[in-house]
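Keeping their order, the protein sequence lines are chains A, B and C.
Per our numbering, the very first residue in the first sequence carries number 1; after that it's consecutive.
Per our numbering, the very first residue in the second sequence carries number 468; after that it's consecutive.
Per our numbering, the very first residue in the third sequence carries number 846; after that it's consecutive.
Structure, as structure tokens:
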Amino acid sequence: MPIALLLAAPSLLLGVLATPFAGPPPVPALAAPGSVHPGVGPEEEAEQVLLVRARRVIVRPGTVLENAAVLVQDGRIAAVGVGLEAPDGAKVLDTEVLCAGFIDPWSRLGVDPGSLSDRTTTASTSSVDALDPFLHELQRHQALRSGVTSVRVHIGRLGRIGGLGAFVRNLPESDLEQAVLVEDAALTTALGVQPGQDVFQRLEEVDRLIVELERGRRHREEALKYRDDLAAWQKAIAESEAELEREFRRAKRERDREIEQAKERGREFREKRYREDNKPRQPRFDPDGEVLARVVHGELPLIVEVDRAQELRALLARTEAYPRLRLVIAGATDARLFSEDLARRRIPVIVVPARRGQTAGFDHDELSLAVDLAEAGVPLLLGSGGMDPDWVRELPLLAGIAVGRGLDPDAALAALTTLPARVLDLGHRLGSVERGKDADLLLLSGDPFAAGTRVERVLVAGRPVAP
Amino acid sequence: MLSLLTPVALFAAYVAAPAALAPALGGEPGLAPQARQAPPALVVRAPKIHLGDGRVVEGGALVVSGGKVQAVGADVAVPQGARVLEHDGPVTAGFVLAHSHLVPRGEAFDATRTALPEARLATAFRASWPDLEDALHAGVTSVVIAPTPQNVVGGQAAVVKTAGGRVLEPASHLTLSLSRLAADDTRPPTSYAGLVREIERHLAGRQGVFARVAEGKLPVLVTANDRHEVVRAVELAGRTGLVGAIVGAPLAGELLDVLAPSKLGVVIDAPGAGTSQRVREAHVALARSEIPFALRWSEAENLRTGLAALLRGGAERARLERALMADGARLAGVAGKVGLLERGADADFVLWSGDPFEFGSRVVAVYIDGQRIEGDKR
Amino acid sequence: MGTQIERGFGARVLRPWVAAAFLVSPLLALSAPDTWADGEEGPKRSWTILAERVYTASGDVIEGGWVSVVDGKIAAVGPAPNVADGENVLRVAAVTPGLIDLSPNIDLGFNSVEQESEVTPDVRVAHALDPFSRDFARALRSGVTTVLCSPPDENVIGGLSVAVKTGGAASIAARTVLEDAVLRGSFGTQPSRRNSPAFGRARTIYNRRPTTRMGVEWLWRKSFYEAHVARQDAQRAFPGVEQLHRVVDGALPLMVQASATQDIRTAIFLKAEFGIPNLILDHAAEAWKEPELLKRSGASVVLPPYAWNGRTAVDRGLHAWNTAVLLEELGVTFALSARNAEDVDERLPMQAAYAIRGGLSPERALRAVTIDPARMIGIDGRVGSLEVGKDADIVLWTGEPFRFTSSIAGVMLEGELVVDPR
């Protein structure tokens, strides 16, 4: 939270200041429709205006503009279209293909192994607190050069429940305040990943997860009940006070008489008690319950790393009781068996091509899994797997191989751009090349998934950062 | 496909078993039984024919008869009675990989002695070994089979076809190892100095195969992985006049100054997914230099990913084609026979569904010695 | 004299500026050309070094001297002419020759030991070195430009050592100053301590012997005896006999590790028994214990690094602070070594400083890390002192060398500034 505040403050200030400096170019209003921006960090560097002209601009998967250009200003996309003119002083870049930066929805860049395997995490543990801006500097740079501009990280893989995953920009410098886009991108947990567990222990983990979800539901119920009770109480107090105000004289007379009578009878006077004196008790503060409540009510996605069929089946069956829960499955080696169910419930799956199959050897099972799930209509995301930071840079390459195996190129692009942005509630800022979105852009020498395509330049928040 | 392969495989197994007979088979052209039946000439027309040395013929044709390439070019005469095949994708020469252990498990290493100069891997060749089929479906038509690097002198490598069972060259190289694997402390030699001494002793003795090696008539494949091992190999070759290639050498690209004056090529692993960035950059540097290099076989998927990674890293397409075909054949010691589609070369070529370097492209069919083998149906 | 230097330039090296009058003296044109041979690409190898004091190691100290370097060789040494500042002109407080360590302990561990036999005189450690090793880089940074790399002392007769430069081309062959510089072997417990026990199980398939000091001595004598026999009877020759013959003939120095006094005695008796003309006792911590014997033997000595507890790492030899002084008084040729210590305060320049602290004269300490070790293995024609025609391996100092208050400002290897003082 403090980081978000810090981010918000300068951006608001700059937002005010930016207007007079905007100058001649026709800058459309940058405020995103309907939502509040927590701020785009690096404005102070991004004052340069950029016009990127491309033979093909992939606006979003399936939508391509030929011979178009993108105007980048203040770290955002100010305009997209054919025949855009470069404003005075703007720097012009030319490229073959322009598309949105890739998002790795499951990575561990900047997370040390100790935090990753922490067993003591709870729902409110924040991954941001474990982020080490100096860790994996090289891998981050390599990831950036391969086109991965932002990642989701999380900690506590071996804990009972993982904690809040963060959404982090892949900035080359280790500036956390600019890099962290969302501190609470999702609640993350893993089922059945500890070695040596038998099937019952693994299923017990599903039970525990459900217990946690129940706790969240109860927390919200209690909170709502408290809110209602409090309102009722306040209303009753107000009514009583009004009544007292109205009938003050009579009430005073009656009270005086009662005091008189008590005196005569030699008894002690007792004040009359009102029902309104019993103020409802506030439920105990429970940060974990709060997070879990948000999850149960679909305000935060729940990302569950789960591979085997047994846990998957139990998880899918038991989460059906939570209609608002936004479940995301990660890993999902055995997900083929449930592809219909997953497609029907629109549960996104993060497939990790680098895993190469959990049980089988090196047979690239995961690549075919991606193809099969996408064909079955399951929303498909591709991630680097959160175990090895070296694999982040391979993500675009592996997506290319998946395309070679039959994955629709648009589905592959969606799996790395629009879908993860949407699943992680950043659809209004990232994932596509549209006006008002953050300028995380890739300048490519060819089609994103062609074998020989080179990443010629990477813009993050409008800044050229690589190579 | 099986019915087509079986007689060839049986024949090959029959011939390959006694090593002495193998040269006769490898040396003379057109001895494969199918080829002798002399089917009518085949003409393959394709929008692009990649010859193997980086050249591409646009809208040309390839004329094959008797298991050999008769002509290739943009305007070649179609012989009378030739069967014409119109292929709508690219055609490349068959890939030639200059190193592999594609023999049945356990056959590539003999722990009884540390120097086996007269051992011939050709005798371990099994045409039906399933891994060969993986290589075939990746577009590989010829491959060097070599012993593993645990022995300082591993034996004689052979060049074989990935289908049809033909041994192209029964004794293509002598394989040496300057790798740490050959200097473990369970058998002598246990040190790098010991490895060098052992090889130099053999070369000075000029017994058997070493006579040809010392004269530079038989190339060597020297396994060397660490940078200092590579430098050692180059120095050894400089002192003793060895010719051939260094195998392994993930960081050879950082040693261009050392390698350039030597007569050695480099055979590298295709940098598959997960290869460190340093190794990849070294490979790209190697691919940008003029040092001849070729690839070795590890996995079908690695070959494809590795090529894509090199392209993405900035390697030239034509150079990679050369590494896969013409330079591969050169380092395998079979230049002129395979690796380049020219008159008189073996009719080994691949019909692709699309750009051969592209992830989505499929091998439609492979021709080895003019015989068609259907591609993988996946 | 030290104070005078410290009052002078100290650690500062004057920034070059474009010299208006380039040809101040005709000598300068020769010594500091602005282009080098054939306009060849590569590091600059020609310099003019002006120093308040030039320590040549072979002659007197030159006050206000210069060293002119052309194409990696020393072209002139002497009192400095009048030289204007320029791109190729370096001004420092003092210069010495590049240091030489005869016992640097740089190898590839067990991959440098040929365990096939305990006696492997024909194994060349030159083929078991890593030119990219950080050990070389570390030595170079501490001013050591030439080292004698030997096989680790796990064999009785380990093989042939090689004298190499610590930097330069990525190839041991290209860096070699002298191949087959000495035959290296070991006394003491080192070659026997890890061998197969008489009882219990062997660690490898080798039944390695010897397991005691006695066995080590026996193998030494056996080897030389068999070499002696093989001279008469060619049928009895064995691998490595040629090297043993060269040792006895004086063509190849024999360098042995002998730390404890009993091992020094054994080595000296071996020298007498077989008439070995040139014996170098390495790591000879206890050389002070029997000075007369040592003196009579004519052997030269490489001293181990000073240890804080007074005991050497190998064989726990008792190493006195004043051993070097004692050897100087005896007239025994000796060199200092650092065995490639990782700590900055244990590297070769500091070893010289400790010897000075033990009473050795600074001049002699300088010689003990430069020209004396060079003469001991016969590489003084190329390195070891600042003389015309020798390699430009030069250490640039911020003050008087080997003082605790001075440090190394720069290192030049064959004219290339590998540690740049500017």
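Beta carbons are placed, not taken as given, at the ideal position from N, Cα and C, and that holds for glycine.
| message | Comparing C-alpha positions only, which one of Ala1183(C), Ile1125(C), Asn1000(C) and Asp980(C) sits nearest to Gly1143(C)? | response | Ile1125(C)
| Does the beta-carbon distance from Ala814(B) to Gly534(B) come in below 7 Å? | yes
| field | Assigned secondary structure, Leu492(B) (DSSP; H/G/I helix, E/B strand, else coil) | value | Only weak support is given to the placement of Leu492(B): the predicted model assigns it a pLDDT of 41, under 50, and the question is left unresolved by the model.
| request: Label Thr653(B) either buried or exposed according to how many other C-beta atoms from any shown protein chain fall within 10 Å of its C-beta, with 16 as the threshold for buried. | output: exposed
| query | Rounded to a whole number of angstroms, what is the C-alpha to C-alpha distance between Thr579(B) and Gly406(A)? | reply | 48 Å
| request: Could you round the C-beta distance between Ser948(C) and Val970(C) to whole angstroms and report it? I think they count as a contact, below 8 Å. | output: No, Ser948(C) and Val970(C) are not in contact; Cβ-Cβ is about 13 Å, not under 8 Å.
| query | Taking only runs of the alpha helix (DSSP H) that begin and end inside the stretch 168–200 of chain A, which ones reach a length of at least 4 residues, in chain order? | reply | 176–179
| message | Please confirm whether Leu413(A) has its beta-carbon closer than 7 Å to some beta-carbon of chain B. | response | no
| request: Would you identify the three-state DSSP class for Arg550(B), choosing helix, strand or coil? | output: strand
| query | If you draw a straight line from the C-alpha of Leu292(A) to the C-alpha of Val182(A), how long is it? | reply | 17 Å
| query | Below 7 Å between beta carbons: does that hold for Thr657(B) and Gln960(C)? | reply | yes
| Comparing the C-beta of Gly800(B) with each C-beta of chain C, is any distance below 7 Å? | no
| Going along chain B, which residues have a C-beta under 7 Å from Val403(A)? | Phe826 and Gly827
| What residues in its chain sit with their C-beta under 7 Å from that of Asp438(A), if we drop five residues either side in the sequence? | Val40, Gly75, Arg76, Arg429, Leu430 and Ala461
| Reference Ser1145(C); option with closest CA among Ala1165(C), Gln1102(C) and Ala1186(C) | Gln1102(C)
| Check whether Ala1200(C) and Ala1169(C) have beta carbons under 7 Å apart | yes
| query | Shortest alpha-carbon distance to Ile252(A) belongs to which of Leu171(A), Lys272(A) and Val151(A)? | reply | It is worth fixing the name first, because residue 252(A) is Lys in this sequence and not Ile. Comparing Cα positions, the closest option is Lys272(A).
| So, are the CB atoms of Pro1098(C) and Val1027(C) less than 7 Å apart? | yes
| Are the beta-carbon atoms belonging to Leu300(A) and Val351(A) less than 7 Å from one another? | no
| query | Going along chain B, which residues have a C-beta under 9 Å from Pro966(C)? | reply | Result: empty, since nearest Cβ-Cβ is about 11 Å, beyond 9 Å.
| How long is the line joining the alpha carbons of Asp980(C) and Ala185(A), rounded to whole angstroms? | 48 Å
| request: Going by CA-CA distance only, name the one from Leu1115(C), Val1086(C), Glu1087(C) and Gln1107(C) that's closest to Met1100(C). | output: Leu1115(C)
| said: Under 8 Å, CB to CB, which of the residues in the stretch 977–992 of chain C have a partner in chain B? | reply: Phe977 and Ser978
| field | Where the beta strand (DSSP E) containing Phe562(B) begins and where it ends | value | Phe562 to Leu564
| task | Measure the alpha-carbon distance for Gly497(B) versus Asp836(B) and round it to whole angstroms. | result | Unreliable positioning characterises Gly497(B) in this predicted model, as indicated by a pLDDT of 41, which lies under 50. The coordinate reading is nonetheless provided below. So the two alpha carbons sit approximately 8 Å from each other.
| said: What does the alpha-carbon distance come out to for the pair Thr1178(C) and Gly1204(C)? | reply: 17 Å
| query | Closest to Leu1064(C) by CA distance: which of Arg1081(C), Thr991(C), Ser1037(C) and His1090(C) is it? | reply | Ser1037(C)
| query | How big is the Cα-Cα spacing for Asp601(B) and Val734(B)? | reply | 20 Å
| Every unbroken alpha helix (DSSP H) inside the stretch 1076–1156 of chain C [4 residues or more] | 1086–1094, 1106–1119 and 1136–1142
| query | Can the beta-carbon of Leu778(B) be found closer than 7 Å to that of Ala451(A)? | reply | yes
| request: Find the nearest neighbour of Gly548(B) within the set Gly573(B), His566(B), Val510(B) and Leu569(B), judged by alpha-carbon distance. | output: Val510(B)
| said: Any beta carbon from chain A within less than 7 Å of Gln537(B)'s own beta carbon? | reply: no
| Cβ pair count under 8 Å reaching 3, the stretch 553–565 of chain B against the stretch 604–611 of chain B | yes
| Where does Tyr322(A) sit, in a helix, a strand or coil, going by DSSP? | coil
| said: Using CA atoms only, rank isn't needed, just tell me which of Ala321(A), Thr189(A) and Arg346(A) is closest to Ile303(A). | reply: Thr189(A)
| request: Report the three-state DSSP secondary structure of Tyr900(C) (helix, strand or coil). | output: coil
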